[in-house]
Structures are given as structure tokens and as C-alpha cells.
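Under this note's numbering, the first residue of the sequence shown carries the number 1, and numbering increases by one thereafter. Ideal Cβ positions, reconstructed from N, Cα and C, are used throughout, including at glycine. Keep in mind that this is a model prediction, so the values were computed, not measured.
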Amino acid sequence: MLRSSFTESLADLKSRGVRLTPQRQMILRYLKETHEHPTAEQIYHQVSQEFSGISMATVYNTLHRLKELGVIRELSYGDMSSRYDGNDSEHAHLVCEGCGKVSDVPCPPKAALETPELAELGYAVGSYRLEFYGICPSCQAHEVRPQDSELN
1 MLRSSFTESL
11 ADLKSRGVRL
21 TPQRQMILRY
31 LKETHEHPTA
41 EQIYHQVSQE
51 FSGISMATVY
61 NTLHRLKELG
71 VIRELSYGDM
81 SSRYDGNDSE
91 HAHLVCEGCG
101 KVSDVPCPPK
111 AALETPELAE
121 LGYAVGSYRL
131 EFYGICPSCQ
141 AHEVRPQDSE
151 LN
């Protein structure tokens, strides 16, 4: 499955009768067009440059609604903050234990990951989250170690 674009997501939401204010559209556009995995605060700072009257409550409410609608994903980590991902295709994440950067990486579809061992447990797997942890090239170059990170 390919990552859906802002235009495709917008058309999908409109077809489902979702109310799309300019602020909601801006937040959705930002998440669909970035390859970063920003926090709500980072999204607020980006979007408030265009919509000076937008509040953090609007950002949080919009993120919650877009997540409910399945057009973005919320990623929670040990530092008690959530990051948001506009990439709705099946993919895994690489998480840097030095700086906390999150990068997308392709992975096999869910069906390829289902094993006889999973079937024996009797679960009906609906989704999964695959993450790899390590040190990104930038942190390697600066000799940042995992214990320096807030993710641990």
C-alpha cells in the first residue's frame, strides 16, 4: 500500500462527511507532506505560523480526530510524549536512541508476518507496530551513546 497524499486523504474525509476547517486541513497537510514524526507541540508551532489564532487544544483535538478516522497514526514512546505519523502505508520505524529521531522504513505486509506460532495463540491480529532501535548516522558521527537519550 502506498502512502496516501493530502489530496487523497482530504477527498476520503469529505466523502465520509467529516467537517474540515482550514485549521484541520493545515494540520492534515503538514502531516501528509512531512517525513518527520512531530509532536503536537511541533505541529502547533508549524501551523501557528499560518494560523496565528490556533490553540494547542485545537491541535490536540484535531490529532485525536484524525487518528480516530485512520488517516494518521499516533506513536508513543518511553519519554511520555506522542509523535504523529501521516504515512498510512504499512511500514516500520527506525528510532534513534541518541537523539530520538524516528524514520520510516518499508516492511513486509501484515500477512507475511503472521506465523503459525501467532495462529496457535488464537489471536485475530488486526494491526502491528514494528520498530527498530539503534543510533542514526548523525549521532554516530557525534559519538552520541544510547544512555544519553531520554528514550531510555
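C-beta contact flag for residue i and residue j at 9 Å
{"i": "Q42", "j": "E36", "result": "yes"}
{"i": "S76", "j": "R83", "result": "yes"}
{"i": "V105", "j": "A124", "result": "no"}
{"i": "E3", "j": "D88", "result": "Note that residue 3 is Arg in the sequence shown, not Glu. Yes; because the gap between Cβ atoms is below 9 Å, this pair is in contact."}
{"i": "R29", "j": "F6", "result": "yes"}
{"i": "M56", "j": "Y44", "result": "yes"}
{"i": "L130", "j": "L113", "result": "yes"}
Boundaries (first-last residue) of the beta strand (DSSP E) holding residue i
{"i": "P106", "result": "102-106"}
{"i": "S15", "result": "Counting along the chain, S15 falls outside any beta strand (DSSP E), though it belongs to the alpha helix (DSSP H) covering 6-15."}
{"i": "S82", "result": "82-85"}
{"i": "L161", "result": "Look at the range of the chain in this structure, 1 to 152, and you will see that residue 161 is not part of it."}
{"i": "G126", "result": "Counting along the chain, G126 falls outside any beta strand (DSSP E), and DSSP gives it neither H nor E."}
{"i": "Y133", "result": "131-134"}
Whole-Å CB distance - residue i paired with residue j, under 8 Å assumed
{"i": "C96", "j": "C139", "result": "6 Å"}
{"i": "L63", "j": "A40", "result": "6 Å"}
{"i": "I72", "j": "L31", "result": "5 Å"}
Any non-hydrogen atom of the ligand PLP closer than 8 Å to residue i Cβ
{"i": "Y133", "result": "With respect to small molecules bound, the structure shown includes none, and the ligand PLP cannot be examined in it."}
Range of the contiguous alpha helix (DSSP H) that encloses residue i
{"i": "E114", "result": "Note, E114: premise wrong, no alpha helix (DSSP H); not H, not E."}
{"i": "P137", "result": "137-141"}
Interface flag, residue i vs chain C, CB-CB below 9 Å
{"i": "L118", "result": "The structure shown contains no chain C; it holds only a single protein chain."}
message = Give the list of continuous alpha helix (DSSP H) stretches no shorter than 4 residues that lie fully inside the stretch 30-74.
response = Listed in chain order, the complete alpha helix (DSSP H) runs (minimum 4 residues) inside the stretch 30-74 are 40-47, 56-68.
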